[in-house]
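What follows is a short report on a single structure.
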Amino acid sequence: LRTDFRLSISFDGRSHVVVTVPSTYAGGLCGLCGDFDGDPQNDVPQEVPKGAATCDRPPPRQCSSRAVIARKQRANGEECGLIVSPEGPFRFCHLRVDPETYFQACVTDYCRFRGHKAIVCQAVTAYAAACQEVGAVLEPWRSKTFCTPACPPHAHYELNGTSCPATCHHPEDPEPCDLPRTEGCFCDQGYVLSGERCVSPPDCGCHHGGRYYPRGEDFYPNEGCAQRCRCTGLGTVTCWAAPCPPGQECRVEKGIRGCHGGHRGRCVLLGDRRLVTFDGLNVTLGGTCRYLLAKACHGDGEELEVTLEKGGDVTVAVGGSRVTMRSGSRWSVEVDGETRALPLSVGDGKTWVTQEGTTIVLQTAPGHRLVYVATAVLLVTVPSTSAGRMCGLCGDFDGNGDNDFTGPNGTWVNGTQELVVAWKVPDESITCSDTCENCPGHPPDVTGPYHAKNSCGMMVVTPGPFSDCHGQVGPEDFFEHCLQEMVLTGGAADTLCRSLGAYTAACQEAGAPVKVWRTESFCPLPCGEHSLYALCSRSCQGSCARLAHPLPCAGPCFEGCSCAEGFFTDGHRCLLPSTCGC
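Just so you know, the UniProt record's numbering puts the end of the sequence shown at 582, numbered straight through with nothing missing.
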């Protein structure tokens with residue numbers, strides 16, 4: 001970012017920020033960067049009394065081996081030592097940018113994260129960027145074993161590339177480019193930048209109202225959201241009237257203008273039999289075939305298709321990929337048939353799949369979210385902008401549950417059995433039935449014992465661990481399902497725990513508070529070595545994968561196992577950073 005008053009800010013998107021100001025600001029600044037008066041002694045920031053209301057002063061992290069690490073790194077000239085090596089690839093930069101500060105920061109990270117390659121690589125990359133910012137000459141410093149460059153399709157690595165690459169907006173390289181040379185990934189010959197992707201010129205997006213939009217993207221071009229537009233490619237923009245529905249307003253959220261303010265739609269599948277539509281209709285699934293649960297059907301340009309597979313698996317078609325969440329599988333999903341570890345992103349980085357505690361969470365940039373707790377619950381939540389645009393067994397999300405008895409062609413059906421059959425997905429590769437041949441009969445009305453507050457009644461009792469959630473996620477459907485399942489299984493303990501866990505996930509997805517209800521003797525959740533149970537677990541944020549490649553994690557937290565201090569999640573295991581994978 002550059003301004004006409006000579007302020008310059010650069011950010012690598014991870015850990016390195018450079019702010020440059022002209023001398024006219026000398027002595028007139030404040031903040032963590034100091035006052036720019038030439039005296040570093042008065043730059044020590046003063047702690048705000050009592051701190052902010054939302055945070056506490058973190059305990060100091062101890063690293064007893066830091067001095068030893070610094071000596072070894074400086075002596076061998078590798079990893080952090082590359083920065084200060086007098087014969088190393090950065091030697092021509094030493095007189096331009098003091099390497100000692102960057103070296104010490106690198107050693108600190110090395111010590112705290114026990115030599116994790118990705119973290120150390122970020123520290124060395126920061127010095128490389130600082131050197132190139134001042135025009136210093138660099139020699140190759142990346143190798144096949146350290147900081148190996150990884151570029152997306154149709155791109156390659158360059159040590160001294162141009163900071164003014166060819167883009168869809170400017171297909172020809174701007175000459176001359178007055179910005180410093182920089183290392184990074186650059187498009188191959190014949191390709192240009194479209195956002196973060198390299199595309200051929202015919203696949204470029206559109207320019208509209210002074211902004212660039214990738215091909216296929218929908219947007220509201222003006223304040224008021226009177227029109228919605230779509231970039232259809234080759235520079236063509238198609239717009240249509242799409243005012244915000246009643247109860248919503250046009251505003252910018254997370255950098256995107258749209259219709260906001262209405263409630264989110266929530267479709268709930270409990271177990272593999274009881275479904276509650278977006279508009280509150282209860283549906284019993286009696287068949288064993290594939291069924292379309294939810295789909296963005298009415299031309300909003302957003303791909304989303306959720307299918308319940310035979311056996312309870314769930315497949316989501318989104319962003320040009322098919323993501324399958326297998327029943328009983330954790331820390332992995334299948335993407336287009338290939339097993340992939342979590343967390344990951346698909347669809348040009350606009351869809352993220354993460355593991356949060358016991359829950360797999362899939363979320364999209366437009367605001368769709370799937371929360372999957374195997375064998376217990378599937379939550380499909382959609383933003384208010386999807387109101388009236390959905391179809392499938394979950395309904396159309398128009399606020400009227402009475403019209404949810406409609407099939408794919410909009411025709412009315414008689415009863416839930418016909419509704420389920422209407423939304424069956426044909427699949428000749430499986431043998432299935434539209435009726436439940438081996439299902440237990442309707443349970444007798446012997447639910448009395450399970451109304452107790454140490455059973456299903458825990459969901460509805462006030463005050464209780466879930467009472468603060470009632471206003472956001474009503475417990476009625478979860479409670480009724482729990483009663484039926486308890487009768488069918490003879491009051492099995494794992495059935496009760498699964499039902500309570502399902503309601504916990506629904507409350508936490510909605511951001512509602514839940515109090516601790518598990519104990520060592522009641523529904524304990526066993527955790528592995530170096531981990532412990534947490535009602536609010538954020539497994540994604542502390543994962544090995546996120547050390548190297550930061551990915552967006554789910555907004556809310558979910559119950560599950562959290563790694564102990566100093567350990568990071570790697571699937572089912574908690575590892576030291578130095579033993580994390582690649």
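Note that beta-carbon positions come from the ideal geometry of N, C-alpha and C, so glycine has one too.
Asked: Answer with buried or exposed for Asp427, where buried requires no fewer than 16 other C-beta atoms within 10 angstroms of its C-beta.; Found: exposed
Asked: State the Cα-Cα distance for the pair Cys185 and Pro176, rounded to the nearest angstrom.; Found: 20 Å
Asked: Going by alpha carbons, who is nearest to Val283 out of Asp43, Cys267, Cys121?; Found: Cys267
Asked: Kindly give me the distance between the Cβ atoms of His169 and Cys198, rounded to whole angstroms, as I take these residues to be in contact under 8 Å.; Found: At roughly 14 Å, the Cβ-Cβ gap does not stay under 8 Å, so His169 and Cys198 are not in contact.
Asked: For Cys580, which residues from the same chain have a beta carbon less than 7 Å from its beta carbon, with the 5 sequence-adjacent residues on both sides left out?; Found: His116, Cys544, Leu547, Phe568, Asp570
Asked: Judging by CA-CA distance, which residue of Ser539, Val514, Asp494 is the nearest neighbour of Pro524?; Found: Asp494
Asked: Roughly how many angstroms lie between the CA atoms of Leu576 and Ser15, to the nearest whole one?; Found: 21 Å
Asked: In whole angstroms, give me the CA-to-CA distance for Val120 and Asp468.; Found: 44 Å
Asked: Output the distance between the C-alpha atoms of Pro140 and Val514, rounded to the nearest integer angstrom.; Found: 53 Å
Asked: Given this structure, state the Cα-to-Cα distance separating Thr277 from Gly399, to the nearest angstrom.; Found: 10 Å
Asked: Rounding to the nearest angstrom, what Cα-Cα distance links Ser10 and Cys289 in this structure?; Found: 54 Å
Asked: Tell me whether His481 sits in a helix, a strand or coil according to DSSP, three-state version.; Found: helix
Asked: Which one of Arg273, Glu309, His368 has the shortest CA to CA distance from Asp263?; Found: Correcting the residue identity first, residue 263 is His in this sequence and not Asp. Selected option, being the one with the closest Cα: His368.
Asked: So that I know if they touch, is there some Cβ in chain D lying closer than 9 Å to that of Ala534?; Found: Going by chain labels, chain D is absent from the structure shown, which holds only one protein chain.
Asked: Starting from Val268 and walking both ways along the beta strand (DSSP E), at which residues does that stretch end?; Found: 265-270
Asked: Let me know the secondary structure DSSP gives Arg6 once reduced to three states.; Found: coil
Asked: Compare the Cα-Cα distances from Thr332 to each of Leu82, Pro243, Glu356 and report the closest residue.; Found: A small correction: the amino acid at residue 332 is Ser; Thr does not occupy that position in the sequence shown. Ranking the options by Cα distance to Ser332, first place goes to Glu356.
Asked: Tell me whether the region 91-110 and the region 126-135 touch, counting them as touching only if at least three CB pairs, one residue from each stretch, are closer than 8 Å.; Found: yes
Asked: Hey, is the region 490-509 in contact with the region 465-479, meaning 3+ C-beta pairs nearer than 8 Å?; Found: yes
Asked: Tell me which same chain residues have a C-beta within less than 8 Å of the C-beta of Gly560, skipping the five on either side of it?; Found: Glu356, Gly357, Thr358, Thr359, Leu525, Tyr533, Ala534, Ser537, Ser539
Asked: Counting only runs that start and end within the region 122-180, where is the beta strand (DSSP E) found for 3 or more residues in a row?; Found: 155-161
Asked: To which residues does DSSP link Phe186 through a beta bridge?; Found: His156
Asked: Which residue from Phe36, Asp203, Asp12 puts its Cα closest to that of Val21?; Found: Phe36
Asked: With 16 as the cutoff for other CB atoms within 10 Å, does Trp412 come out buried or exposed?; Found: exposed
Asked: So, using beta-carbon positions, are Ser194 and Thr238 closer together than 9 Å?; Found: no
Asked: Is DSSP giving Lys424 helix, strand or coil here?; Found: strand
Asked: Rounded to a whole number of angstroms, what is the C-alpha to C-alpha distance between His572 and Ala294?; Found: 30 Å
Asked: Measure the C-alpha to C-alpha separation of Gly77 and Gly135 and round it to an integer number of angstroms.; Found: 23 Å
Asked: Suppose the cutoff is 8 Å on Cβ atoms and the five residues either side in sequence are ignored; what does the same chain contact list for Pro343 look like?; Found: Trp352, Val353, Thr354, Gln355, Cys540, Ser543, Ala545, Arg546, Leu551, Cys553
Asked: If you reduce the DSSP assignment to three classes, tell me which class Thr54 lands in.; Found: The predicted model places Thr54 with a pLDDT of 49, which falls under 50 and marks its position as unreliable; any figure quoted below should be read in that light. Of the three classes helix, strand and coil, the one that applies to Thr54 here is coil, per DSSP.
Asked: Any idea which residues DSSP pairs Glu305 with across the strands?; Found: Lys295, Ala317
Asked: Would Val316 pass as a contact of Thr324 if the rule is Cβ separation under 9 Å?; Found: yes
Asked: What first and last residue would you give for the alpha helix (DSSP H) that runs through Asp570?; Found: Segment 568-570 is the beta strand (DSSP E) holding Asp570; no alpha helix (DSSP H) there.
Asked: Is Tyr220 close to the ligand MG? I mean its beta-carbon at under 8 Å from any heavy atom of the ligand.; Found: For the ligand MG, the structure offers nothing, since it holds no ligand at all.
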